[in-house]
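In what follows, a structure is listed as structure tokens, so that the remarks can point back to it.
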Amino acid sequence: MTALLVLDNVSAGYVADIDILRGVSVKVAPGVITGLIGLNGAGKSTIMKTICGFLRPSSGLIMFDGADITGIAPHTVIDRSIFYIPQESSLFNFMSVEDNLRLPLEHLVRRADGLTRADIADRFEDTYAKFPVLKEKRRDKAGDLSGGQQKMVEFAKAYLVRPRLCLVDEPSIGLAPKVAEEVYQWIGLFASEQTAILLVDHNVRRVVKMSTYIYVLSLGEITAQGGPEAFAGDLHEQVKAWLGINF
Ligand SMILES: Nc1ncnc2c1ncn2[C@@H]1O[C@H](COP(=O)(O)OP(=O)(O)O)[C@@H](O)[C@H]1O
Ligand SMILES: [Mg+2]
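Quick look at the structure:
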């Protein structure tokens with residue numbers, strides 16, 4: 014497998030001399046889902062933020078599509094075809110749904126090799142076909158939507174960009190189980206269209222089921238990894254052991 018994204022021995026943290034991530038090595042294959050699981054505070058979101066350049070590693074390398082992107086300026090990750098759906102909302106609540114959806118595209122239009130207005134119109138049509146609720150609500154303020162609908166805007170925004178890699182951090186947190194099911198369907202849709210996904214979700218069983226390869230992060234270190242078959246059987250017992258906890 015030639016990995017699309019490689020974290021090679023990455024250490025990183027929020028303050029000097031205190032590393033939250035300690036020698037993390039992770040590979041994300043193109044076009045499939047890679048899962049990342051671990052307890053609260055293990056450093057999963059820190060991995061996402063480090064990939065996007067919000068944190069600069071104290072050591073180690075991050076490679077994307079063969080290029081070194083270690084410490085990349087966060088606003089330029091989209092130019093590399095990487096899209097980040099953070100755990101918390103990234104929407105502008107006072108702006109309409111459609112204006113929120115349009116924001117990353119406007120950036121891509123301004124590039125020399127960018128999208129044309131016709132491309133954008135096509136993509137909107139396709140996206141509204143996949144997320145019909147958003148077509149109905151396109152003039153509503155994003156802040157007036159329900160939590161599940163706001164998550165839908167986040168995914169539709171990513172879908173419009175057609176990234177090669179989408180980083181998805183705890184997409185189902187705080188959502189009703191039925192809405193969470195929809196979120197997993199959107200992730201499946203992305204993967205079926207060859208977008209690579211790095212997925213963090215507290216629903217460990219679901220992550221294992223959806224992923225081609227899974228990493229377990231404990232206290233900033235990768236403590237286990239493998240295909241879904243390695244996580245079969247008594248998942249609960251195994252995950253307890255992998256996370257290094259007794260309860
Ligand atoms: N902005 C921050 N400043 C300082 N420490 C942080 C910050 N964000 C997270 N941390 C710390 O980093 C560790 C990992 O957090 P995080 O990556 O959010 O974990 P996870 O996503 O796995 O729950 C935790 O100990 C947390 O307290
Ligand atoms: Mg987190």
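Using the working numbering, you'd call the opening residue of the sequence shown number 14 and step up by one each time. Glycine included, every Cβ here is placed at the ideal spot set by N, Cα and C.
Which residue from the options puts its Cα closest to that of residue i?
i       : options                               : result
Asp-78  : Phe-67, Ile-95 and Pro-190            : Ile-95
Glu-234 : Val-37, Asn-22 and Tyr-27             : Val-37
Gly-66  : Ala-86, Lys-143 and Ser-159           : Ala-86
Gly-44  : Gly-26, Ala-80, Glu-206 and Ile-227   : Glu-206
Lys-222 : Ala-237, Leu-49 and Leu-74            : Leu-49
Gly-26  : Trp-199, Ile-98, Ile-64 and Thr-225   : Ile-64
Ala-29  : Val-122, Arg-115, Asn-53 and Ser-72   : Ser-72
Val-110 : Arg-123, Phe-137 and His-120          : Phe-137
Glu-242 : Lys-62, Ala-131, Asp-214 and Thr-225  : Thr-225
Pro-190 : Ser-58, His-215, Leu-202 and Tyr-228  : His-215
Val-229 : Asp-81, Lys-253 and Lys-170           : Lys-253
Gly-160 : Leu-188, Arg-151 and His-249          : Leu-188
Pro-176 : Leu-202, Asp-153 and Ser-185          : Leu-202
Ile-98  : Leu-121, Ile-186 and Val-192          : Ile-186
Val-213 : Ser-24, Ser-58, Val-23 and Asn-22     : Ser-58
Gln-100 : Arg-124, Ile-133, Asp-182 and His-120 : Asp-182
Asp-132 : Glu-119, Glu-250 and Glu-195          : Glu-119
Please list, in chain order, all residues of the same chain as residue i whose beta carbon is under 6 angstroms from its beta carbon, the five residues on each side excluded.
i       : result
Val-174 : Phe-96 and Pro-117
Asn-106 : Ala-155 and Gly-156
Asp-92  : none
Trp-199 : Phe-168
Arg-69  : Gly-84
Taking 6 angstroms as the cut-off, is the C-beta of residue i nearer than that to any heavy atom in ligand 2?
i       : result
Lys-57  : yes
Gln-198 : no
Gln-100 : yes
Following the continuous beta strand (DSSP E) through residue i, name the residue where it begins and the one where it ends.
i       : result
Thr-47  : 46 to 50
Gly-239 : 234 to 239
Ile-210 : 209 to 213
Tyr-97  : 95 to 98
Lys-40  : 34 to 41
Ile-64  : From DSSP, Ile-64 is part of no beta strand (DSSP E) but of the alpha helix (DSSP H) over 57 to 64.
Phe-168 : Counting along the chain, Phe-168 falls outside any beta strand (DSSP E), though it belongs to the alpha helix (DSSP H) covering 160 to 174.
Leu-74  : 72 to 77
Val-181 : 178 to 182
Leu-20  : 18 to 25
Does the distance between the C-beta of residue i and the nearest non-hydrogen atom of ligand 1 fall short of 6 angstroms?
i       : result
Gly-54  : yes
Ile-227 : no
Tyr-27  : yes
Ile-33  : yes
Going along the chain, which residues of its own chain have a beta-carbon closer than 7 angstroms to the beta-carbon of residue i, five neighbours each way excluded?
i       : result
Ser-102 : Gln-163
Gly-219 : Checking the sequence shown, residue 219 turns out to be Arg, not Gly. Counting only Cβ-Cβ distances below 7 angstroms, and skipping sequence neighbours, we find Tyr-197.
Val-41  : Ala-16, Leu-17, Leu-18, Thr-47, Leu-178, Ala-209 and Leu-211
Starting from residue i, trace the alpha helix (DSSP H) in both directions and tell me its first and last residue.
i       : result
Ala-204 : 190 to 205
Tyr-141 : 130 to 143
Val-217 : 217 to 223
Leu-7   : The structure shown has nothing for residue 7, since the chain only spans 14 to 260.
Determine the burial state of residue i: buried for a count of at least 16 other Cβ atoms within 10 Å of its Cβ, exposed for fewer.
i       : result
Ile-31  : exposed
Asp-126 : exposed
Thr-89  : exposed
Leu-180 : buried
Ala-55  : buried
Ala-204 : buried
Ala-171 : buried
Leu-248 : exposed
Asp-80  : Reading the sequence as shown, one finds Ala at residue 80 and not Asp. With fewer than 16 other Cβ atoms within 10 Å, it is exposed.
Thr-140 : buried
Below 8 angstroms CB to CB, which residues in the same chain sit around residue i once its five sequence neighbours on both sides are set aside?
i       : result
Val-166 : Leu-104, Val-110, Asn-113, Leu-114, Leu-147, Ala-155 and Leu-158
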